[in-house]
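In the numbering used here, the protein residues as written are 7 to 337.
Single-structure report; data block below.
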Amino acid sequence: MVNQAVEKQPEIIKRFNGMIANQHLAHAYLLTGADGIGKKEVAQWVAMRLFCINLQGDQPCGVCEECTRIMSGQHPDVVEVAPDGQSIKVEQVRFLKAEFSKSGVEGSRKVFIIEHANKMTTSAANSLLKFIEEPSGNVTAFLLSESRSLMLPTIISRTEIIELKPLQKARLIQNLVERGVLESNAKILVRLTNAADEIDQLLENDWINDAHKALEKWFLTASNGDITAFVDVQTKLMALAKDRLHQEKILDLMLLYAMDLLELKFNQKEIAYESSRPRLAELAAQTTVNKLLMVSDIMLPLRNKLNQNINFQGIVEKATIELCNLFKMRG
């Protein structure tokens, strides 16, 4: 946990270190950013930095009793709450209010970490306002949310907002490879999203690998002007498009082919579909810039069409026909 917080958000950790050293820690923070970006790790790091009994310079040790209890969620003075299902329930808010009113069990300080704080109802959030604004005792609260726009203005006005930076792609790829994801698929995943929950869904049942293979066959067939790519839509792609998220990602994966062709045409080194580089490089060399831009024109509007509630299968089938017709043209 100590290393993850420092590796994911080094600047934020440095900032908190300065605030703690100068005793300028505020009573409430709103940490915002995509899931997996390190919000909870940062909050727990601050708690460990405050309670650790064996500090290593300005870093918590991560192994003492205080640190290990915080990391396991067992420290009585570090209160964590996460949504129970789709929301933070009334009884959870009552528990928070009761805890806000108490002093520390083992000392004078308490830390609160509220995950997905935007999932509190309006009445629940408002009921916590006075405790956030005027906490009793030495309290620091961390409210975690994907975006400040999801929070009530009254909460925003009473917290110090810290927006966490997106993780570097190299770091995300490394994390995925360490989890056993093929590097080729990891590079594609980070082009699609940096949200941990979405990545987990795309990895489930090896979906990303199956989608990669299916779309590779579909695009290379279509790029030969072969209308049998239309069959791939019905037999392969529709089976992968099981819900809205997966439909969106299939359209994003389709767009990456258009982007890769333009990258290769202009001699850029990095592309998404590294395993298809030889065929894509050949195709880019044989195709005019104007035609490659037309490929992009076909792919770019697809997500917007889906957002307009146009049928997914119809979107992909129409794009397939347009691609096949385009590549049948000379040049």
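All residues carry an ideal CB built from backbone N, CA and C; glycine is no exception.
This structure is a prediction, so every number in the text was calculated from the model and none was measured.
Taking the continuous alpha helix (DSSP H) assigned at residue i, which residues delimit it?
| i | result |
| --- | --- |
| residue 288 | 283-292 |
| residue 115 | No alpha helix (DSSP H) holds residue 115; the beta strand (DSSP E) holding it covers 115-120. |
| residue 197 | 189-198 |
| residue 23 | 16-27 |
| residue 49 | 45-57 |
| residue 323 | 318-334 |
| residue 302 | 295-305 |
Taking just the CA atoms, how far does residue j sit from residue i?
| i | j | result |
| --- | --- | --- |
| residue 111 | residue 25 | 24 Å |
| residue 64 | residue 299 | 53 Å |
| residue 192 | residue 231 | 30 Å |
| residue 73 | residue 311 | 50 Å |
| residue 268 | residue 290 | 7 Å |
| residue 86 | residue 102 | 9 Å |
| residue 10 | residue 44 | 8 Å |
| residue 47 | residue 124 | 18 Å |
| residue 287 | residue 295 | 13 Å |
| residue 169 | residue 35 | 10 Å |
| residue 308 | residue 62 | 52 Å |
Is it buried or exposed, residue i, if we count other Cβ atoms within 10 angstroms and call 16 or more buried?
| i | result |
| --- | --- |
| residue 245 | exposed |
| residue 100 | exposed |
| residue 250 | exposed |
| residue 1 | Lying before the first or after the last residue shown, residue 1 is absent from the chain, which here runs from 7 to 337. |
| residue 155 | exposed |
| residue 66 | buried |
| residue 15 | buried |
| residue 163 | exposed |
| residue 237 | exposed |
| residue 234 | exposed |
| residue 151 | buried |
If you run the structure through DSSP and keep just helix, strand and coil, what is residue i?
| i | result |
| --- | --- |
| residue 237 | helix |
| residue 263 | helix |
| residue 129 | helix |
| residue 210 | helix |
| residue 86 | strand |
| residue 256 | helix |
| residue 180 | helix |
| residue 155 | helix |
| residue 94 | strand |
| residue 62 | strand |
Starting from residue i, trace the beta strand (DSSP E) in both directions and tell me its first and last residue.
| i | result |
| --- | --- |
| residue 228 | No beta strand (DSSP E) holds residue 228; the alpha helix (DSSP H) holding it covers 213-228. |
| residue 2 | Past the edges of the chain, shown from 7 to 337, lies residue 2, and the structure says nothing about it. |
| residue 37 | 34-38 |
| residue 168 | 166-169 |
Between the stretch 179-187 and the stretch 46-57, do at least 3 Cβ pairs fall closer than 8 Å?
no
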